[in-house]
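Enquirer:
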Amino acid sequence: MFAALNKPYVLRGWKHKTCALVNLKDCTSKAVDRTGFELLLLCDGETELDGYLRQHAMKARMDEYVKKGIIRICEHAEPIHRLQQYRKYDNCLMESIQWSVTGRCNYKCRHCYMDAPDACTEDLITKQCFSIIDQMAECGVMRVSLTGGEPLIRRDLMQIIDHLNEKRILTDIIYTNGWLVTDELLDALEQRGLKPTFNMSYDGLGCHDWMRGVSGAENAVRDAIRRCVSHGFPINISVCLHKGNQAVLRDTVSYLASAGVNSIKISGVDRTALWRKNAEDNDMDIREYMDAVLAYIPYFFMDGMPVDLMLCSAVQLYKGKTEYDCIPCRCDGTDKADKVHLCGAFRSEGYIAPDGRMVPCMPMLDSDQLDGFPNILETGLKAALSDSFYMDYISSRISDLMEHNAECRDCPYVRKCCAGCRANALLGPDHDLWAPDRNLCILWKEGYVDRIMQVTEQAIRDYVK
12 MFAALNKPYV LRGWKHKTCA LVNLKDCTSK AVDRTGFELL LLCDGETELD
62 GYLRQHAMKA RMDEYVKKGI IRICEHAEPI HRLQQYRKYD NCLMESIQWS
112 VTGRCNYKCR HCYMDAPDAC TEDLITKQCF SIIDQMAECG VMRVSLTGGE
162 PLIRRDLMQI IDHLNEKRIL TDIIYTNGWL VTDELLDALE QRGLKPTFNM
212 SYDGLGCHDW MRGVSGAENA VRDAIRRCVS HGFPINISVC LHKGNQAVLR
262 DTVSYLASAG VNSIKISGVD RTALWRKNAE DNDMDIREYM DAVLAYIPYF
312 FMDGMPVDLM LCSAVQLYKG KTEYDCIPCR CDGTDKADKV HLCGAFRSEG
362 YIAPDGRMVP CMPMLDSDQL DGFPNILETG LKAALSDSFY MDYISSRISD
412 LMEHNAECRD CPYVRKCCAG CRANALLGPD HDLWAPDRNL CILWKEGYVD
462 RIMQVTEQAI RDYVK
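The working numbering puts the sequence shown at residues 12 to 476.
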């Protein structure tokens, strides 16, 4: 008897994750224990399995994988495709990369990290972008999110996407302001077998043009939403909440949900240098932001829980469900927190800036304290994902932070909040990657965390039958 690995599954390994089953359909990896992986290695369509299946554990695992559709039984030899065979990468795993393929933009947003529309760095040429993609493939990167600036202004964007396709790297998300989302673009993506999520900003009914600095921006993103829904592309929307649009938050969420948006993320405006210059008294501090969010939460349940909704720094709410996640509560307050990584997002998704600089996340670009983070055009991606300052930092745990930071170590909340967001720490008053997240300190020490849960649970009792 033979068994063969079904498509779209392949076997891969990286440092610290040597046995992984990868699904090429959605480009995700799952660690497999030794027994399971030994079996999967034998499922090459050419190895006689009868002798191995005398082991009870191996036979049980075989039945499990057949039932899940991971492998199939073959009466005769059916060799699997060479791409399905095990390949080991000698760098650490980075499943996904968010990549700013340009710093330029057709908008003049009041808070831009890139100082768009002019951009603070020159864009890489097509050949350099192809080189980065080749390096991603050699490191086993599986998914890429394309952002900017505005990525759709690149004339060679489809060439970049085609090269990603050739290297079997999924174009997972496209971040865009929506102005250049056309039927022709969506048709071109569909012809390539791609259905990336379109992540767009919509900063409030009647308020979007002001935030984005372009007349007609609100109509453009509405049109883009309609086109994406018509073509069946998933849509995520980000809303920057400030004093000028908080009064229309409820109506904005209701409109977006009715328009077919899959999920919405509400956040305060990142206090970039540009925003501090252009806010026109609309800036909110963390207390003002939290008060606005707490005032909105009951409306979510009153309006029938219409969409998946993240109220950043506060709560994750779910369409049609009363379950919720209190975002500041990362851990249970026990010593288990000591082994938690500083940021889970760092571990699974890196960020590459338009000039090739690799940092944990885009907001960090607003800091000048980035010494040590690599430029992959100079060091190479493999080196960045191997023994490097970058990997040392994103591998750090809460126990490491407490060694650097006595204030957090002595705080009674540290094993619940896990020290908060590292970008907030870097961009806050301490300008230090190892500093406390001062916004999160306020949420815990001034009772906002308890209020989040109290308001949410009271709204569920009041408005959900």
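Glycine included, C-beta positions come from ideal geometry on N, C-alpha and C. All values derive from a computational prediction rather than experimental measurement.
Using the C-alpha atoms, what's the distance from ILE180 back to ASN386?
Expert: 21 Å
Enquirer: If MET153 and SER40 are in contact, beta carbons under 8 Å, what's the gap, nearest whole angstrom?
Expert: 7 Å
Enquirer: Pull up the DSSP beta-bridge partners for ASP336, would you.
Expert: GLN327
Enquirer: For PHE209, which of helix, strand or coil comes out of DSSP?
Expert: strand
Enquirer: Do GLY204 and GLY160 have their C-beta atoms within less than 9 Å of each other?
Expert: no
Enquirer: Quick check: what's the CA-CA separation for VAL259 versus LEU216?
Expert: 6 Å
Enquirer: I need the boundaries of the beta strand (DSSP E) containing LYS18, first residue and last residue.
Expert: No beta strand (DSSP E) holds LYS18; DSSP gives it neither H nor E.
Enquirer: Does DSSP put VAL250 in a helix, in a strand, or in coil?
Expert: strand
Enquirer: Measuring CB to CB, does LEU353 end up less than 9 Å from ASP403?
Expert: It is not a contact, given that the beta carbons lie outside the stated cut-off.
Enquirer: Could you check if ILE246 is buried or exposed, using at least 16 other CB atoms within 10 Å of its CB as the buried criterion?
Expert: buried
Enquirer: So, at 6 Å on beta carbons, what are the nonlocal neighbours of PRO317 in its own chain, with the 5 sequence-adjacent residues on each side left out?
Expert: ALA268
Enquirer: Residues in its own chain within less than 7 Å of THR333 by CB, not counting five upstream and five downstream?
Expert: Cβ within range, chain order: ILE471, VAL475.
Enquirer: Among ILE297, SER226, HIS27, VAL43, which has the Cα closest to the Cα of ILE21?
Expert: The question names Ile, but residue 21 in the sequence shown is Val. Comparing Cα positions, the closest option is VAL43.
Enquirer: Would you say the beta carbon of GLN96 is closer than 8 Å to some non-hydrogen atom of the ligand COA?
Expert: Questions concerning the ligand COA fall outside what the structure shown contains, since it holds no ligand whatsoever.
Enquirer: Taking the continuous alpha helix (DSSP H) assigned at SER183, which residues delimit it?
Expert: Here residue 183 turns out to be Asp, not Ser, going by the sequence shown. Element bounds for ASP183: not the alpha helix (DSSP H) but the beta strand (DSSP E), 181-186.
Enquirer: Whose C-alpha, out of ALA306, ASP61, ILE91, LYS28, is nearest the C-alpha of LEU16?
Expert: When each option's Cα is compared against that of LEU16, the closest is ILE91.
Enquirer: Okay, do the region 419-431 and the region 339-347 touch, 3+ Cβ pairs below 8 Å being the bar?
Expert: yes
Enquirer: Counting only runs that start and end within the region 31-62, where is the beta strand (DSSP E) found for 3 or more residues in a row?
Expert: Runs of the beta strand (DSSP E) inside the region 31-62: 39-42.
Enquirer: Around the C-beta of THR187, are 16 or more other C-beta atoms found within 10 angstroms, so that it is buried, or is it exposed?
Expert: buried
Enquirer: Decide if ARG223 is buried, meaning its Cβ has at least 16 other Cβ atoms within 10 Å, or exposed.
Expert: With 16 or more Cβ atoms within 10 Å of its Cβ, ARG223 is classed as buried.
Enquirer: Are the beta-carbon atoms of ILE171 and CYS150 separated by less than 9 Å?
Expert: Against a cut-off of 9 Å, the Cβ pair of CYS150 and ILE171 comes out as no contact.
Enquirer: Please report the distance separating the alpha-carbon of THR29 from that of GLY47.
Expert: 13 Å
Enquirer: With three or more C-beta pairs closer than 8 Å as the rule, is the region 437-449 touching the region 387-394?
Expert: no
Enquirer: Should the region 290-302 be called in touch with the region 450-462, which here means at least 3 C-beta pairs below 8 Å?
Expert: yes
Enquirer: If you reduce the DSSP assignment to three classes, tell me which class GLN109 lands in.
Expert: GLN109: strand per DSSP, three-state reduction.
Enquirer: One question on the structure: do ASN450 and CYS422 come within less than 9 Å of each other, judged by their Cβ atoms?
Expert: no
Enquirer: Once DSSP output is grouped into helix, strand and coil, what is the label at GLU360?
Expert: strand
Enquirer: How would you label GLN109, buried or exposed, when you count the other beta carbons within 10 angstroms and need 16 or more for buried?
Expert: buried
Enquirer: Tell me the DSSP secondary structure of SER406 in three-state form.
Expert: coil
Enquirer: Please report how far the alpha carbon of CYS85 lies from the alpha carbon of LEU53, in whole angstroms.
Expert: 13 Å
Enquirer: If ASP473 and PRO309 are in contact, beta carbons under 8 Å, what's the gap, nearest whole angstrom?
Expert: 7 Å
Enquirer: Let me make sure I understand the geometry here. Which of ILE463, HIS253, VAL232, GLY80 has the alpha-carbon closest to that of HIS122?
Expert: HIS253
Enquirer: How long is the line joining the alpha carbons of VAL155 and ILE363, rounded to whole angstroms?
Expert: 10 Å
Enquirer: Less than 9 Å separating the beta-carbons of ASP281 and ASP377?
Expert: yes
Enquirer: Can you tell me whether DSSP reads TYR100 as helix, strand or coil?
Expert: Strand, per DSSP.
Enquirer: Taking the CB atoms as reference points, tell me whether ASP183 and THR208 lie closer together than 9 Å.
Expert: yes
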